[in-house]
Amino acid sequence: MGEELQTYFNKLLTRIDGLKAVTVTDGDGVILIKSVSNDVSPRVLEPALSTTFSVVSDQASKLGLKKNKSIVSLFGLFQIVQFNHTPLITTLVADSGSNTGVLLDLGNELKEVTDIIASALSERQVIV
Amino acid sequence: MESAVVSVLDSLIKSEEVKGVLIADEHGLCLGAKGIVNPNSAGFISAIATHAKSLHDDPNIQAPIIKIETEKLTILIQNNGNYTLAVFK
Amino acid sequence: MLKPKAISQVLKQATTGGVKATLLLNSEGSPLAFISDSDRDARVYAAIASNIWSTFEKNGKNLMRDDNLKFLLVECEKGNVAITTVSNMLLCLVAKPEVELGILKAKTDALARHLEEPFQRMTTYTQT
Chain A
1 MGEELQTYFN
11 KLLTRIDGLK
21 AVTVTDGDGV
31 ILIKSVSNDV
41 SPRVLEPALS
51 TTFSVVSDQA
61 SKLGLKKNKS
71 IVSLFGLFQI
81 VQFNHTPLIT
91 TLVADSGSNT
101 GVLLDLGNEL
111 KEVTDIIASA
121 LSERQVIV
Chain B
1 MESAVVSVLD
11 SLIKSEEVKG
21 VLIADEHGLC
31 LGAKGIVNPN
41 SAGFISAIAT
51 HAKSLHDDPN
61 IQAPIIKIET
71 EKLTILIQNN
81 GNYTLAVFK
Chain C
1 MLKPKAISQV
11 LKQATTGGVK
21 ATLLLNSEGS
31 PLAFISDSDR
41 DARVYAAIAS
51 NIWSTFEKNG
61 KNLMRDDNLK
71 FLLVECEKGN
81 VAITTVSNML
91 LCLVAKPEVE
101 LGILKAKTDA
111 LARHLEEPFQ
121 RMTTYTQT
């Protein structure tokens, strides 16, 4: 399953224009699976990206609008779209000109995948 | 503030043969949708339009209208540079 | 000079079609002007929105030196929040989930443009 999953993640970069990096991490920023383009800063893999999202997502869930689902941050040159796929975090880094709507759709598509990864993780913990 | 978008959608959906209409912005986010169109398809619809546009690069030609025919529906999609309009008939 | 009453009038224009609150915040996260169903909600929105903004702003600076945060979209189960800058302040719109993200962003951008000019003039004046 690992190989199929990695292939699927790698294909995402070619499927969506401007998508530079896809990572699925746990709440501490530990990377469970990633696909990163050559022309993006390796800093997208730093745990800080996930840990800060975790904190912010918790705060956003206190706005009185129920749970936070996703956050889109638009910068001049790039955009980061992150999803609360509890217990995991999915991060997409793309050019600012990338289709944000498509990236948000992708997040929903990836929820099924992250659910599989999360349950595989918890099974492993039980066995250990 | 949204009245302009709403009135465009309203006037389009009034037509008998129009079953659904959607307008997306340049980020693929839904500006409005009426009828049978799912607002969540804004990203996908605008991606179709931008990809079709890239097939021919001539700035002097009007952006292409993409026509998707299914057994029950015809979907027309066009991007004018800033917005993408989709009409489901 | 933009009178406080005039600012509220401008903010009020956005609170149609499902937009629950419009807020203008200073750099410390205090609401300078707002339209909201309740004062308490406004303070909560203000505090959280400015926290989220400064966190992502820092994130972005770590990721890419010269790039600036331009816009934030926060998607929650029961509503969405849009945040952008106006001069050295933050503009925040809180909307019900039925308000599509595209229109929420468009309204926020339009409001920001509308408010930007008088505030820029004010800032320039106070600096001289």
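Protein chains in written order, with the UniProt record's numbering: chain A, 1 to 128; chain B, 1 to 89; chain C, 1 to 128.
Positions of the beta carbon are idealized from the N, C-alpha and C atoms, including for glycine.
Check                                                                                                                      : Outcome
CB contact check: A/Lys20 to chain B, cutoff 7 Å                                                                           : no
Selection from A/Glu46, A/Leu49, A/Gly2 that minimises the alpha carbon distance to A/Ile33                                : A/Gly2
Three-way DSSP call (helix, strand, coil) for A/Val128 in this model                                                       : For A/Val128, the pLDDT reaches just 45, beneath the cut-off of 50, and the residue's location in the model is therefore unreliable, although a value from the coordinates is still provided. Three-state result, A/Val128: coil.
Minimum Cβ-Cβ distance from B/Leu31 to chain C less than 7 Å                                                               : yes
Positions along the segment 90-122 of chain A whose CB lies within less than 7 Å of some CB in chain B                     : Asn99, Thr100, Gly101, Val102, Leu104, Asp105
Endpoints, the beta strand (DSSP E) within which B/Leu22 is located                                                        : 20-24
C/Ala14 - DSSP class collapsed to helix/strand/coil                                                                        : coil
Reference A/Ser119, options A/Gln59, A/Leu88, A/Leu103, A/Leu106, closest by Cα                                            : A/Leu88
Enclosing beta strand (DSSP E) for A/Val22 [first to last residue]                                                         : 19-26
Backbone secondary structure at A/Thr14 - three-state DSSP                                                                 : helix
7 Å Cβ cutoff met for B/Gly28 and B/Ser46                                                                                  : yes
Beta-carbon spacing of C/Leu11, C/Leu90 below 7 Å                                                                          : no
Length of the line joining the Cα atoms of B/Pro39 and A/Asn99                                                             : 15 Å
Contacts that C/Ile103 makes with chain B (C-beta to C-beta distance below 7 Å)                                            : Glu2, Val5, Leu31, Gly32
Range covered by the beta strand (DSSP E) that runs through B/Asn80                                                        : B/Asn80 -> no beta strand (DSSP E), and no H or E assigned at all.
Per DSSP, the bridge partner or partners of A/Phe83                                                                        : A/Ser70, A/Thr90
Beta-carbon neighbours of A/Ile16, restricted to chain C and to distances below 7 Å                                        : Residues of chain C passing the Cβ test: none, with the nearest at roughly 18 Å.
Proximal residues of chain B, C-beta to C-beta of C/Gly17 below 9 Å                                                        : Met1, Glu2, Ser3, Val6
Local conformation of A/Lys34 per DSSP, three classes                                                                      : strand
Residues, ordered as in the chain, of the segment 49-64 of chain A that lie near chain C by beta-carbon distance below 8 Å : Leu49, Thr52, Val55, Val56, Gln59, Ala60, Ser61, Lys62, Leu63, Gly64
Below-7 Å beta-carbon distance, B/His27 vs any chain A residue                                                             : yes
Assigned secondary structure, A/Pro47 (DSSP; H/G/I helix, E/B strand, else coil)                                           : helix
Residue burial classification, C/Thr16 (beta-carbon count within 10 angstroms, cutoff 16)                                  : exposed
Top-ranked residue by Cα proximity to B/Lys89, from B/Asn79, B/Asn82, B/Lys67                                              : B/Lys67
Residue environment, C/Lys3, which counts as buried when at least 16 other CB atoms sit within 10 Å                        : exposed
From A/Ile80, A/Lys69, A/Ser57, A/Ile16, residue whose alpha carbon lies closest to that of residue 129 of chain A         : Only positions 1 to 128 of chain A appear in the structure, and residue 129 of chain A is not among them; the question remains open.
Candidates C/Ile35, C/Tyr45, C/Gly29, of which the one nearest C/Lys5 by Cα                                                : C/Ile35
Cβ-based burial, C/Gly60 [other Cβ within 10 Å; buried from 16]                                                            : buried
Per-residue burial, A/Thr14 [other beta carbons within 10 Å of its own, 16 or more giving buried]                          : exposed
Residue interval of the alpha helix (DSSP H) (run including C/Gly60)                                                       : 39-63
Neighbouring residues, chain C, relative to A/Lys67 (Cβ below 9 Å)                                                         : Cys76, Glu77, Lys78
Residue range of the unbroken beta strand (DSSP E) whose run includes B/Gly32                                              : 30-35
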